[in-house]
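Novice:
Residue numbers (the working numbering), protein chains in the order written: chain B, 1 to 424; chain F, 1001 to 1424.
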């Protein structure tokens, strides 16, 4: 399959490389040409006139729980602890492995509408999520999520082998849910596995003040320091949320090169607080952005997350200059790819995967055109996503999906699963 | 023109009236039937199968400056005072009256993509804004904006007569920009005009801490108390932003029935602070939502504003339960209509104007369907706006505009004006 995208405003997301008008050619899954518009040789399966719109790397959703679509608008307006123990966990207990396959597809479709081309997906039954991802054509990094209630380190090691040797669209990383749902025995076993496999470890970190206080009470130190002490970060990794980090925590993130993934949609909806993003930018911490799951957000939209990231920082710091828009766009693309280990999906470059999105500038929210980066970050919306391409395959175009299954069937099956869990 | 909207999930926005499946008939500008799906008599110019999607009143944008589209992404990352005096005012000085006509149309088109059917539009040359509104088919309440630099109370009194006797789509109210851009002589003259015309007065109120402090220094009291003392609110009115209100200010709003219009997109972008929305809800203050202008937001999207409203309150109050979603939807529809004096555009009811929007539930962010109100508020996006109807005329449908002029021409003309002002 050979595609020509011509007359694009190409935003490569390579630092100091300005937007230019040109063409991109993809051959099967990868980019094989990027440069000025010339007469290209050979045949194309399709020529896409990008018509001056922006062609850029797809957004990377660096923290999510895709199968939780069944809880969207079902468990709202509760603080994290009640939300988790009274609404989420009892419903999740009714999930069957095959439900994960169905429910994930709804989320994958939603990602595509927001120009998101990969998700860092923390949930049970990761093989089911991987299977959905492959069938739909979406790129997923499945993340193990051991707790003291379910899933073991042994099971994770199996998933690690299976999913990392399965298909180019899927990979697997190890993680645990959080300090307060684990115990030291599990975490030490996990640290041992991290050493054996020389792999990074990811988890929810310092999402709420209560989580940090509980960890200090139990272990005499904050969550990141406790995890570091156990050797969990000896091969890197990172944390999701990172709302209540201390200066020492941020220094630890820097020393270890850990990734901090901010999830402002979820943090605001659960009233958890505002992460110290500008401080982490100033300190050079590796940053990425996640939507978190649909149960706590409730939408899976990178434009919303970018907007909340700058909105909360400017508000918290009483400063209109907080968070540079290009830095934010980097977090949402390149930063996420780095966090997820997607070294071939970060920027537009020959040899990289063709994981891309086209942003429609011919809509009123983008007009007139004064500054394209600011337009995308400050005025952009999922309604500007004209096309989303993963591994050289067009999966979403002008509101229509190409997922190997009619979208209406995906909705119907997801509703059936949801109704069964609700007992109706 | 007689239209039948059938098989809709009808959300009337009348308190305690649940969503029901039924039909709406519009005859010319107004609703002439709302009820169950039956065999309707007579001919229809068009039958629209709403296909189980939501038909509801259009959103009301209760504070904006539509012509400022030319400044979108041009003047960013500045605090309010510098933004206003160094970026906005010098550019505005180059505007010609006919520019307002062109620039407003870009904003009107953007409102339609977000299901917004009316705007409370504060800007100079209101006749030009009114003319654009009538030509496009958009509903506008133009708001006078006297300052000590330009526009006089006398000019406003003329606009009041002209625009209020022009066309059903447009009306006019009196206002002033803010305490710090007025002087007491102007404000006393305006209060006199308010008494003569028995009309409410609207203005920016307590947007920043500096504004409140400056007013206290100059007049020994906060902005709303100063305006009240001058008799500006003797026939009602209200304030935009209302970020830094005291308890006494809120009591004044309650006593006078004033409207507080929150603009969280602008407040966060300029780092101005978080308005006390939950407190005002608890006190029964009349509340509405505005996008503010495209220079300080930069997008004109009611879904974004609703989301920021709850996100900021939950964050400020550390409470996942702050701001009930239905209350928020009321603010964005009925509340705005009340603030703008649009008594016939507030809810879906026989005799009311057919100012409506259709929200597409057949998109992944709305699936599965557990709770429609929460889906709209927590997961909704302008990409869910399938259709926007004003005064019984379909102006936006499936991404296409019906504005009496090709949208590309509107973009081109707005870019030309913008380039001229930028001197390129």
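Note that the Cβ used here is the ideal one computed from N, Cα and C, for glycine as well. Note that this is a predicted model, so its numbers are computed, not measured.
Which residues in chain F sit within 8 Å of residue 104 of chain B, going by Cβ to Cβ distance?
Specialist: To locate residue 104 of chain B, count along the first chain from 1; it is residue 104. Those do not exist, as residue 104 of chain B stays about 11 Å from chain F at its closest Cβ, beyond 8 Å.
Novice: Could you tell me whether the region 410-417 of chain B touches the region 96-106 of chain B, where touching means 3 or more Cβ pairs closer than 8 Å?
Specialist: Touching, per the Cβ criterion.
Novice: Which complete beta strand (DSSP E) runs does the region 1351-1411 of chain F hold, if anything under 3 residues is left out?
Specialist: You should have 1356-1359, 1385-1390, 1393-1397.
Novice: Compute the Euclidean distance between the alpha carbons of residue 173 of chain B and residue 1201 of chain F, then round it to the nearest angstrom.
Specialist: The count along the first chain starts at 1 and reaches residue 173 of chain B at position 173. The count along the second chain starts at 1 and reaches residue 1201 of chain F at position 201. So the alpha carbons of these two residues sit roughly 60 Å apart.
Novice: Could you tell me which residues DSSP pairs with residue 22 of chain B in its beta bridges?
Specialist: Translated into the one-based positions of the first chain, residue 22 of chain B becomes position 22. Answer is B/8, bridged to residue 22 of chain B.
Novice: With a cut-off of 9 Å, does the C-beta of residue 380 of chain B fall near any C-beta of chain F?
Specialist: Start at 1 with the first residue of the first chain, and residue 380 of chain B comes out as number 380. Judged by the 9 Å Cβ criterion, residue 380 of chain B is in contact with chain F.
Novice: Just the Cα atoms here: how many angstroms apart are residue 175 of chain B and residue 220 of chain B?
Specialist: On the first chain, position 175 is the one that residue 175 of chain B refers to. On the first chain, position 220 is the one that residue 220 of chain B refers to. One C-alpha to the other measures close to 22 Å.
Novice: Among all the DSSP beta bridges, which residues are the ones paired with residue 1172 of chain F?
Specialist: For the purposes of this step, residue 1172 of chain F is taken as residue 172 along the second chain, with counting starting at 1. DSSP, once it has assigned bridges, lists F/1142 as partnering residue 1172 of chain F.
Novice: Tell me the DSSP secondary structure of residue 469 of chain B in three-state form.
Specialist: It is not possible to answer for residue 469 of chain B, since the shown part of chain B is limited to 1 through 424.
Novice: Looking at the unbroken beta strand (DSSP E) that takes in residue 241 of chain B, where does it start and where does it end?
Specialist: On the first chain, residue 241 of chain B is found 241 positions in, with the first residue counted as 1. From DSSP, the beta strand (DSSP E) with residue 241 of chain B extends over 237-241.
Novice: Where DSSP assigns a beta bridge to residue 1059 of chain F, which residues make up the other side?
Specialist: Position 59 of the second chain, counting from 1, holds the residue named residue 1059 of chain F. BP columns for residue 1059 of chain F point to F/1116.
Novice: With a Cβ-Cβ cutoff of 9 Å, do residue 1274 of chain F and residue 1313 of chain F count as a contact?
Specialist: Here residue 1274 of chain F corresponds to residue number 274 of the second chain, with the count starting at 1. Here residue 1313 of chain F corresponds to residue number 313 of the second chain, with the count starting at 1. Closer than 9 Å, so yes.
Novice: Report all residues from its chain with a CB closer than 6 Å to the CB of residue 1036 of chain F; omit the five preceding and five following residues, and keep chain order.
Specialist: Position 36 of the second chain holds residue 1036 of chain F. Hits under 6 Å: 1022.
Novice: Under 9 Å, Cβ to Cβ, is there at least one residue of chain B near residue 1117 of chain F?
Specialist: Working through the second chain from its first residue, we reach residue 1117 of chain F at position 117. With 9 Å as the cut-off, residue 1117 of chain F does not count as an interface residue toward chain B.
Novice: Exposed or buried, residue 1093 of chain F, counting other C-beta atoms within 10 Å across all chains shown (16 or more means buried)?
Specialist: For the purposes of this step, residue 1093 of chain F is taken as residue 93 along the second chain, with counting starting at 1. It is exposed - the Cβ of residue 1093 of chain F has fewer than 16 other Cβ atoms within 10 Å.
Novice: Does chain B have any CB closer than 9 Å to the CB of residue 1418 of chain F?
Specialist: Here residue 1418 of chain F refers to the residue found at position 418 when the second chain is read from its first residue. At least one chain B Cβ lies under 9 Å of residue 1418 of chain F.
Novice: With a CB to CB cut of under 7 Å and the five nearest residues on each side skipped, what residues in its chain are close to residue 91 of chain B?
Specialist: The count along the first chain starts at 1 and reaches residue 91 of chain B at position 91. Here the set comprises 71, 421.
Novice: Nearest-angstrom Cα distance between residue 1017 of chain F and residue 1349 of chain F?
Specialist: To locate residue 1017 of chain F, count along the second chain from 1; it is residue 17. To locate residue 1349 of chain F, count along the second chain from 1; it is residue 349. Their backbone Cα atoms lie some 12 Å apart in a straight line.
Novice: Starting from residue 47 of chain B and walking both ways along the beta strand (DSSP E), at which residues does that stretch end?
Specialist: Within the first chain, numbered from 1, the residue matching residue 47 of chain B stands at position 47. Segment 46-49, the beta strand (DSSP E) holding residue 47 of chain B.
Novice: Rounded to the nearest angstrom, how far is the Cβ of residue 1462 of chain F from that of residue 1289 of chain F, given a contact under 8 Å?
Specialist: Nothing can be reported for residue 1462 of chain F, as the shown portion of chain F is limited to 1001 through 1424.
Novice: Taking the DSSP output, what are the residues bridged to residue 1288 of chain F?
Specialist: Locating residue 1288 of chain F in the second chain gives position 288, counting from the first residue. Beta-bridge pairing links residue 1288 of chain F to F/1261.
Novice: Under 9 Å, Cβ to Cβ, is there at least one residue of chain B near residue 1261 of chain F?
Specialist: Here residue 1261 of chain F refers to the residue found at position 261 when the second chain is read from its first residue. No, its Cβ sits nowhere closer than 9 Å to a Cβ of chain B.
Novice: Got a sec, what are the start and stop residues for the alpha helix (DSSP H) residue 310 of chain B sits in?
Specialist: What you label residue 310 of chain B is simply residue 310 of the first chain in a count that begins at 1. Segment 302-316, the alpha helix (DSSP H) holding residue 310 of chain B.
Novice: If the criterion is Cβ atoms closer than 9 Å, does the pair residue 1326 of chain F and residue 1112 of chain F meet it?
Specialist: The residue given as residue 1326 of chain F occupies position 326 in the second chain. The residue given as residue 1112 of chain F occupies position 112 in the second chain. No, the pair does not count as a contact, with Cβ atoms beyond the cut-off.
Novice: Give every residue of the same chain whose Cβ lies closer than 6 Å to the Cβ of residue 1015 of chain F, excluding the five residues on either side of it in the sequence, and list them in chain order.
Specialist: In the second chain, residue 1015 of chain F corresponds to position 15, counting from 1. There are no such residues.
Novice: Under three-state DSSP, which class holds residue 341 of chain B?
Specialist: Numbered from 1 along the first chain, position 341 holds the residue referred to as residue 341 of chain B. Note: residue 341 of chain B maps to coil in three-state DSSP.
Novice: Under 7 Å between beta-carbons, which chain F residues line up against residue 110 of chain B? List them in chain order, please.
Specialist: As a first step, residue 110 of chain B is located in the first chain; it is residue number 110 there, counting from the start. Ordered by position in chain F, the residues that pass the 7 Å Cβ test against residue 110 of chain B are 1364, 1365.
Novice: May I ask which residues mark the beginning and end of the beta strand (DSSP E) holding residue 246 of chain B?
Specialist: Walking along the first chain from the start, residue 246 of chain B turns up at place 246. It is not in any beta strand (DSSP E) - residue 246 of chain B carries neither H nor E in the DSSP assignment.
Novice: So residue 414 of chain B contacts chain F; which residues on that side make the cut at Cβ distance below 8 Å?
Specialist: Against the first chain, residue 414 of chain B aligns to sequence position 414. 1367, 1368, listed in chain order.
Novice: For residue 319 of chain B, return the contacting residues in chain F, with the cut-off set at a CB-CB distance below 8 Å.
Specialist: Numbered from 1 along the first chain, position 319 holds the residue referred to as residue 319 of chain B. Those within 8 Å of residue 319 of chain B in chain F are 1079, 1271.
Novice: Can residue 1303 of chain F and residue 1380 of chain F be called in contact, C-beta distance under 9 Å?
Specialist: Indexing the second chain from 1 puts residue 1303 of chain F at position 303. Indexing the second chain from 1 puts residue 1380 of chain F at position 380. Against a cut-off of 9 Å, the Cβ pair of residue 1380 of chain F and residue 1303 of chain F comes out as a contact.
Novice: Report yes or no: is there a C-beta of chain F within less than 9 Å of the C-beta of residue 375 of chain B?
Specialist: Mapped onto the first chain, residue 375 of chain B falls at position 375. Cβ-Cβ to chain F under 9 Å: yes for residue 375 of chain B.
Novice: DSSP beta-bridge partners for residue 1106 of chain F?
Specialist: Counting from 1 along the second chain, the entry for residue 1106 of chain F is found at position 106. Note: residue 1106 of chain F sits in no beta bridge, so no partner.
Novice: I need the boundaries of the alpha helix (DSSP H) containing residue 1203 of chain F, first residue and last residue.
Specialist: As a first step, residue 1203 of chain F is located in the second chain; it is residue number 203 there, counting from the start. Unbroken run through residue 1203 of chain F is the beta strand (DSSP E), 1201-1205; no alpha helix (DSSP H).
Novice: Under 8 Å by Cβ, that's how I've got residue 382 of chain B and residue 301 of chain B pegged, so tell me the actual separation to the nearest angstrom.
Specialist: Locating residue 382 of chain B in the first chain gives position 382, where the first residue counts as 1. Locating residue 301 of chain B in the first chain gives position 301, where the first residue counts as 1. Confirmed, Cβ separation roughly 5 Å.
Novice: Give every residue of the same chain whose Cβ lies closer than 7 Å to the Cβ of residue 1075 of chain F, excluding the five residues on either side of it in the sequence, and list them in chain order.
Specialist: Along the second chain, read from residue 1 onward, the residue named residue 1075 of chain F stands at position 75. Here the set comprises 1083, 1087, 1088, 1295.
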